[in-house]
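What follows is a set of notes on a single structure, which appears directly below.
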């Protein structure tokens, strides 16, 4: 599932590489700015029912908001054939950028789900229960968004801080990629495939 303000096209390269690795892929599209998190989770539930009812295992990969949609869906109605989950740059602890949009009274630009991505106790991330399934997180620490990075303490990808992607006791790796293009990175793709197959991440290559 793609992230906020994106379409399934943003996940097309990752979907193609997963297909090359032998997976049947459903690249789910949804109106990320046009509904609540619960409504997006219903869209995902319908897609899973349509594409994957007979599948022996169903894995999930989500970018940014898409990762939280997956978490909401799996907290409500996980499939019996649930496999593993990989979250790419997920705002699991919220995003200071979303906080800023709300403070500037620009939250409407993010839509109902996006407005709830703040770091406060009433935000969507804080409402999600800890995962009870195998999940791994890939975060980015390269930013081309100086305004976003100025709002975020510590390493970040321009939209989400590395620390805000974390879930306690969940494996996480950090790659030198930005929020926008993390899912298109070749190592990210390899790491997703390895995690879906083994439940662990490969070592991150040393910087050149």
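Numbering (this note's numbering), first residue to last: 19 to 226.
Note that the Cβ used here is the ideal one computed from N, Cα and C, for glycine as well.
Hey, residue i and residue j: beta-carbon distance below 7 Å or not?
i	j	result
residue 44	residue 69	yes
residue 114	residue 170	yes
residue 131	residue 175	no
residue 55	residue 185	no
residue 59	residue 91	yes
residue 207	residue 35	yes
residue 77	residue 214	yes
residue 158	residue 99	no
residue 152	residue 217	yes
residue 188	residue 155	yes
residue 81	residue 21	yes
residue 40	residue 75	no
residue 96	residue 66	no
Nearest to residue i by CA position, among the options, is which residue?
i	options	result
residue 181	57, 199, 109	109
residue 183	48, 35, 137, 53	137
residue 209	82, 30, 103, 72	103
residue 47	38, 164, 133, 61	61
residue 79	118, 31, 194	31
residue 225	204, 194, 87	194
residue 203	160, 148, 168, 52	160
residue 116	173, 105, 172, 179	179
residue 19	118, 212, 42, 83	83
residue 223	211, 205, 212	205
In the DSSP output, which residue or residues are listed as bridge partners for residue i?
i	result
residue 104	79, 154
residue 192	157
Just the Cα atoms here: how many angstroms apart are residue i and residue j?
i	j	result
residue 26	residue 201	12 Å
residue 128	residue 221	35 Å
residue 50	residue 24	7 Å
residue 166	residue 177	6 Å
residue 146	residue 94	10 Å
residue 89	residue 219	20 Å
residue 72	residue 163	43 Å
residue 191	residue 28	21 Å
residue 123	residue 85	25 Å
residue 105	residue 57	19 Å
residue 53	residue 87	11 Å
residue 111	residue 144	7 Å
residue 235	residue 38	Summary: the structure shown does not reach residue 235, with the chain confined to residues 19 through 226, and so no result is reported for it.
residue 148	residue 139	15 Å
residue 119	residue 212	36 Å
residue 168	residue 42	40 Å
Using a beta-carbon distance below 7 Å, is residue i in contact with chain D?
i	result
residue 54	Judged by its chain identifiers, the structure shown contains no chain D, having just a single protein chain.
Whole beta strand (DSSP E) elements within the stretch 149-179, 3-residue minimum: 153-158
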